[in-house]
Amino acid sequence: MPVQRETLLIVDDEAAIRKLLCQKLSSQGYQCEETYSAEQALNMLETSPIALVILDIKMPGKSGIELLREIKSGYPDTAVIMATAVNDINVGIQCLKQGADDYICKPFNLEEVSLAVQKSLEKRRLQLEIREYQQYLEEKIEEQTGDIRKLFLGAIEALVSALEAKDKYTGGHSRRVTDIALALGNELGLSRQDMEDLRWGSLLHDIGKIAVDQVTQNKPDRLTREEYEHIMIHAHVGAGIVRPVVNGKITEMIEHHHDHYDGSGLHQVIVGSDIPLGARILAVADAFDAMISDRPYRPAMSITDAMDEIRRCAGTQFDPIVIVAFLNTVRLTKM
Ligand SMILES: [Fe+2]
Numbered sequence: 004m005p006v007q008r009e010t011l012l013i014v015d016d017e018a019a020i021r022k023l024l025c026q027k028l029s030s031q032g033y034q035c036e037e038t039y040s041a042e043q044a045l046n047m048l049e050t051s052p053i054a055l056v057i058l059d060i061k062m063p064g065k066s067g068i069e070l071l072r073e074i075k076s077g078y079p080d081t082a083v084i085m086a087t088a089v090n091d092i093n094v095g096i097q098c099l100k101q102g103a104d105d106y107i108c109k110p111f112n113l114e115e116v117s118l119a120v121q122k123s124l125e126k127r128r129l130q131l132e133i134r135e136y137q138q139y140l141e142e143k144i145e146e147q148t149g150d151i152r153k154l155f156l157g158a159i160e161a162l163v164s165a166l167e168a169k170d171k172y173t174g175g176h177s178r179r180v181t182d183i184a185l186a187l188g189n190e191l192g193l194s195r196q197d198m199e200d201l202r203w204g205s206l207l208h209d210i211g212k213i214a215v216d217q218v219t220q221n222k223p224d225r226l227t228r229e230e231y232e233h234i235m236i237h238a239h240v241g242a243g244i245v246r247p248v249v250n251g252k253i254t255e256m257i258e259h260h261h262d263h264y265d266g267s268g269l270h271q272v273i274v275g276s277d278i279p280l281g282a283r284i285l286a287v288a289d290a291f292d293a294m295i296s297d298r299p300y301r302p303a304m305s306i307t308d309a310m311d312e313i314r315r316c317a318g319t320q321f322d323p324i325v326i327v328a329f330l331n332t333v334r335l336t337k338m
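Count along the sequence shown starting at 1, add 3, and that's the number in my numbering.
Structural data, given as structure tokens:
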């Protein structure tokens, strides 16, 4: 006896056969529905969950084989047993190749029909259980990946904070740049994955400063060309540090975060839209935060002055599209 009342659908143009099968299978506890045509069967599948279909091959109109294909593509969780008019193994094999779970031959031996139904439903239950378990495992993996990512992100944030704590001028810079960059990314309609990459790229963008001489970095006077070049190695060094642990997009973002849109940056190899969008966003966020913060060589600028300066550099240092997003964002949030 079945554990639960699974619904079976008998599709046969002969009313006597439908009645015979329905009687037998109902007596075994199954919920039995019946219909005389393929078209009608599809309507019934559309409106109610059917566990198994017993399908006559030869019917007027759409044949059982045609309907089998449609059931298997539209309702893959429904088992199908084909009913053939003759005991022809080739027809049976053909049905199995087309996706049928089993086949039975007319005239029916009702015990064999019952056994075929039981076996096909058991196979279906197992398939559903396996799928459910796979889904459970996938959800579990996704959850654990999220936990690992959070832990990793926490560790990186701690490392960045430790690095910034050495320098009284840059405390909290990466965190603020991340907030600004994400606001710009949001305004530009970045995908979820691109936003995630942008978060990492922003947090890590200055990690290469670990290799920069502290005295030069905190120099209160104007930097010489040599000193400026030394400080700017941090973009390349940073990309090298993070390369083994983050994806290529994040690495590229860090490598190019000081590139100028018009190509006038130091030792720049790519220009304009060839510069990754994340790096172009980061350039604006980084510059804005730097302008409104005190630096060893100058006091903080006002937000209005910083915005004017950023706007003035649209098309030269910065991507004009990012500038539009930046101005919209500032206008909306009064950053
Ligand atoms: Fe930087």
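A virtual CB, placed ideally from N, CA and C, is assigned to each residue, including glycine.
Cβ neighbours of residue i in the same chain (closer than 7 Å, five flanking residues each side left out)
i, result
"M235", "H261, L269"
"V240", "G211, A214"
"L201", "A184, L185, G188, L193, G281, I284"
"A168", "G174"
"D170", "Q220, N221"
"E1", "In the structure displayed, the chain extends from 4 to 338; residue 1 sits before or after that span and is not available."
"R21", "I13, D15, E37"
N- and C-terminal bounds of the beta strand (DSSP E) containing residue i
i, result
"Y106", "105 to 108"
"V274", "That residue, V274, is in no beta strand (DSSP E); it is neither H nor E in DSSP."
"L193", "Where L193 is concerned, there is no enclosing beta strand (DSSP E), given that its DSSP letter is neither H nor E."
"V14", "10 to 14"
Residue j beta carbon less than 8 Å from that of residue i
i, j, result
"I3", "L113", "Residue 3 lies beyond the stretch modelled for the chain, which goes from 4 to 338, so this question has no answer here."
"C16", "P63", "The identity of residue 16 in the sequence shown is Asp, whereas the question assumes Cys. Closer than 8 Å, so yes."
"K65", "A88", "no"
"L187", "A328", "yes"
"I313", "I295", "no"
"G1", "I253", "What is shown of the chain runs 4 to 338, which leaves residue 1 out entirely."
"M304", "V333", "no"
"G102", "K75", "yes"
"H233", "D209", "no"
"D289", "V163", "no"
"V120", "D59", "no"
"Q43", "E9", "no"
"L124", "C98", "no"
Range of the contiguous alpha helix (DSSP H) that encloses residue i
i, result
"A161", "113 to 168"
"Q220", "217 to 220"
"I253", "251 to 258"
"Q34", "Element bounds for Q34: not the alpha helix (DSSP H) but the beta strand (DSSP E), 34 to 38."
"M85", "Segment 82 to 87 is the beta strand (DSSP E) holding M85; no alpha helix (DSSP H) there."
"D182", "176 to 190"
"H233", "228 to 245"
"Q97", "92 to 100"
Min CB distance residue i to chain B below 8 Å
i, result
"I133", "Reference to chain B is not applicable here, since this structure consists of a single protein chain."
Beta-carbon contacts of residue i that lie in its chain and below 6 Å, excluding the five residues immediately before and after
i, result
"V325", "R283, I284, V287"
"M338", "Any reading at M338 must be qualified, since the residue scores a pLDDT of 49, below 50, and its modelled position is unreliable; no value is offered."
"V94", "T87"
"Y300", "P223"
"L129", "none"
"M198", "G188"
Close beta carbons around residue i, own chain, < 8 Å, minus the five adjacent residues each side
i, result
"D265", "V274, G275, G318, T319, Q320"
"E255", "A242, P279, G281, A282"
"M47", "L12, E36, T38, I53"
"M4", "Unreliable placement is indicated for M4, whose pLDDT of 47 sits below 50; the coordinate value is still reported in the next sentence. Around M4: Q31, G32."
"S117", "K27, L28, Q31"
"E115", "I107"
"E69", "A41"
"C25", "I13, C35, E37"
Count Cβ pairs between the segment 79 to 86 and the segment 46 to 60 that sit closer than 8 Å; are there 3 or more? A contact between stretches requires three or more CB pairs, one per stretch, nearer than 8 Å, and the segment 79 to 86 meets this requirement with the segment 46 to 60.
Please list, in chain order, all residues with a C-beta atom less than 7 Å from at least one heavy atom of ligand 3. By its list of ligands, the structure shown excludes ligand 3, since it contains just ligand 1.
Touching or not, the segment 221 to 228 and the segment 239 to 257, by the rule of three or more beta carbon pairs under 8 Å? No, the segment 221 to 228 is not in contact with the segment 239 to 257.
In chain order, what are the residue ranges of uninterrupted alpha helix (DSSP H) at least 4 long that sit wholly in the segment 291 to 333? As far as the segment 291 to 333 is concerned, its whole alpha helix (DSSP H) runs of at least 4 residues are 306 to 315.
Inside the segment 26 to 81 only - beta strand (DSSP E) runs reaching at least 3 residues: Taking only runs of at least 3 residues, the beta strand (DSSP E) segments lying wholly in the segment 26 to 81 are 34 to 38, 55 to 59.
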